[in-house]
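Colleague: Numbering (my numbering), first residue to last: 11 to 432.
In this text, a Cβ means the ideal position worked out from N, Cα and C, and glycines have one as well.
This is the structure I have questions about; it appears just below.
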């Protein structure tokens with residue numbers, strides 16, 4: 011599976027060959043990282059179906075639900091750039107695994123929260139763990155494969171988020187009526203903790219190791235912080251980030267309160283907004299690695315997904331599932347493209363790939379937290395009927411930032427950035 015999609019891609023000399031790992035070790039390491047990505051997403055999205063129960067216990071409504079969702083995104087966003095800097099200095103493996111462990115601790119703290127304020131703080135802590143895990147983990151996956159073979163595994167790793175999110179939405183929607191929201195959150199956190207221990211034991215310390223300090227003297231400002239393509243991607247997908255979490259966290263309450271669906275039906279519908287991106291991710295990864303026009307692919311996929319959300323206020327059960335499938339496939343495709351692109355930028359040192367991804371993800375998470383928070387307040391003050399088209403409009407409007415994204419040349423390098431100093 012991992013051998014598909016080969017193509018010649020120029021990279022820095024330090025990135026010319028993968029670590030000398032046996033195929034079995036490489037495969038095991040890859041699948042453990044995919045499993046961690048899945049469990050990480052589960053612990054991100056399991057809060058959505060728990061919101062009504064949390065609201066009843068702490069006497070809070072949709073506006074405060076949006077604040078709860080935003081607190082996680084804030085924690086994740088604040089740690090993105092520090093995670094990249096730490097991975098650059100310490101290596102990607104210890105930072106990613108520490109982040110996964112912190113996310114598990116935050117999940118357990120959320121389940122034990124005695125008040126809504128404590129729950130907000132515990133979700134902030136869990137988000138910080140998610141921020142530490144994400145971009146270093148992508149760097150780990152990329153470091154397992156040589157140039158030309160990264161698109162598919164990075165795409166699968168990216169789309170594993172949606173598999174975990176779908177499982178989190180559905181399983182928690184079913185579990186909350188049976189065992190309560192606290193036990194539902196505990197189960198996800200414990201599972202992530204077990205996987206983190208297994209990955210720590212099985213993934214070799216040499217994977218994603220930091221570059222030897224004498225081998226390259228870094229500039230005063232890392233290259234990753236100066237590439238305009240990184241900033242362009244970050245700004246362009248703030249709206250998409252907000253939309254993915256607004257849909258992921260609010261679809262179940264929307265179905266229950268507006269359509270009168272049972273918790274199980276609403277949870278099943280919620281999975282349609284995340285699960286199809288499991289297919290979109292591998293497609294996007296391969297196309298990003300082979301294609302020469304990533305900007306067009308990003309615009310078309312984002313616009314299709316946003317257009318689908320406009321129809322949410324008028325859709326019945328079957329149409330809502332169809333909307334969810336299209337939206338999910340589209341954003342899975344988009345995220346895989348943006349995560350592969352830094353591996354194709356020849357002017358970007360390999361150890362700075364997590365920093366580049368962390369920077370644009372931090373921009374997206376920070377802005378996305380505001381979009382998600384705004385979605386909750388529009389619902390509280392007006393209606394879902396207004397919130398859905400507004401979040402779609404924000405996605406499309408911010409795509410204008412992609413005008414600053416340079417096209418790739420035939421070798422896969424941004425012509426205006428290939429000569430960036432190291």
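With three or more C-beta pairs closer than 8 Å as the rule, is the stretch 205-215 touching the stretch 94-112?
Modeller: Cβ pair count under 8 Å is three or more, so yes.
Colleague: Residues in the same chain with beta-carbon distance under 7 Å from residue 95, minus the five sequence neighbours each way, listed in chain order, please.
Modeller: Correct list, in chain order: 365.
Colleague: Alpha carbon to alpha carbon, how far is residue 325 from residue 371? Give it in angstroms, no decimals.
Modeller: Their backbone Cα atoms lie some 32 Å apart in a straight line.
Colleague: If contact is defined by three or more beta carbon pairs under 8 Å, each pair taking one atom from either stretch, is the stretch 163-174 in contact with the stretch 78-87?
Modeller: No: the two stretches stay apart, fewer than three of their Cβ pairs being nearer than 8 Å.
Colleague: Would you mind working out which of 92, 70 and 62 sits nearest residue 367, comparing C-alpha positions?
Modeller: Minimum Cα distance to residue 367 is reached at 92.
Colleague: If residue 10 sits next to residue 362, beta carbons under 8 Å apart, how far is it from one beta carbon to the other, in whole angstroms?
Modeller: A question about residue 10 goes unanswered here, because the residues of the chain that appear run from 11 up to 432.
Colleague: Go ahead and pull the three-state DSSP assignment for residue 41.
Modeller: Helix, per DSSP.
Colleague: Please work out which residues of its chain come closer than 7 Å, Cβ to Cβ, to residue 84, disregarding the five sequence neighbours upstream and downstream, and give them in chain order.
Modeller: Closer than 7 Å at Cβ, skipping near neighbours: 134, 137 and 379.
Colleague: Determine, for residue 87, whether the minimum Cβ-Cβ distance to residues of chain D falls below 8 Å.
Modeller: Reference to chain D is not applicable here, since this structure consists of a single protein chain.
Colleague: Work out the CA separation of residue 244 and residue 290 for me, nearest whole Å.
Modeller: Going from the Cα of residue 290 to the Cα of residue 244 covers about 20 Å.
Colleague: With a CB to CB cut of under 6 Å and the five nearest residues on each side skipped, what residues in its chain are close to residue 282?
Modeller: Once the five neighbours on either side are set aside, the close Cβ partners of residue 282 are 331, 334 and 335.
Colleague: Pick out whichever of 210, 323 and 296 has its Cα sitting closest to the Cα of residue 265.
Modeller: Among 210, 323 and 296, the Cα nearest to that of residue 265 is on 323.
Colleague: With distances taken from CA atoms, which of 329, 213, 152 and 44 is nearest residue 353?
Modeller: When each option's Cα is compared against that of residue 353, the closest is 152.
Colleague: Can you give me the C-alpha to C-alpha distance between residue 402 and residue 40, rounded to a whole angstrom?
Modeller: Each residue's alpha carbon lies about 34 Å from the other.
Colleague: Under 8 Å between the Cβ atoms of residue 277 and residue 191?
Modeller: Result no, Cβ atoms of residue 277 and residue 191 do not sit closer than 8 Å.
Colleague: DSSP three-state label for residue 359, please.
Modeller: Looking at residue 359 - three-state DSSP - the assignment turns out to be coil, as it is neither helix nor strand.
Colleague: In chain order, which continuous runs of the alpha helix (DSSP H) of length 4 or greater are located wholly inside the stretch 154-242?
Modeller: With a minimum length of 4 residues, the continuous alpha helix (DSSP H) runs that stay inside the stretch 154-242 are 161-212.
Colleague: Sorted by chain position, which residues of the same chain lie with C-beta nearer than 6 Å to residue 132's C-beta, five sequence neighbours on each side aside?
Modeller: If we look at residue 132 and ignore the five residues flanking it on each side, its Cβ neighbours are 116, 119, 120 and 123.
Colleague: Looking at residue 298: is its Cβ nearer than 8 Å to the Cβ of residue 351?
Modeller: The answer is yes: Cβ separation under 8 Å.
Colleague: Would you call residue 327 buried or exposed, if buried means 16 or more other Cβ atoms sit within 10 Å of its Cβ?
Modeller: It is exposed - the Cβ of residue 327 has fewer than 16 other Cβ atoms within 10 Å.
Colleague: If you draw a straight line from the alpha carbon of residue 420 to that of residue 341, how long is it in whole angstroms?
Modeller: Here residue 420 scores only 41 on pLDDT, less than 50, and its place in the model is too uncertain to base an answer on.
Colleague: Report the residue from 267, 150, 139 and 186 whose alpha carbon sits nearest the alpha carbon of residue 395.
Modeller: Comparing Cα positions, the closest option is 267.
Colleague: My output table needs one value for residue 101: the three-state DSSP class, helix, strand or coil.
Modeller: In this structure, residue 101 counts as coil in the three-state DSSP scheme.
Colleague: If you follow the alpha helix (DSSP H) that residue 57 is part of, which residue opens it and which one closes it?
Modeller: Run containing residue 57: 57-68, per the alpha helix (DSSP H) assignment.
Colleague: Considering only the alpha carbon of each residue, which of 393, 412, 415 and 183 lies closest to residue 72?
Modeller: With distances taken between Cα atoms, residue 72 lies closest to 393.
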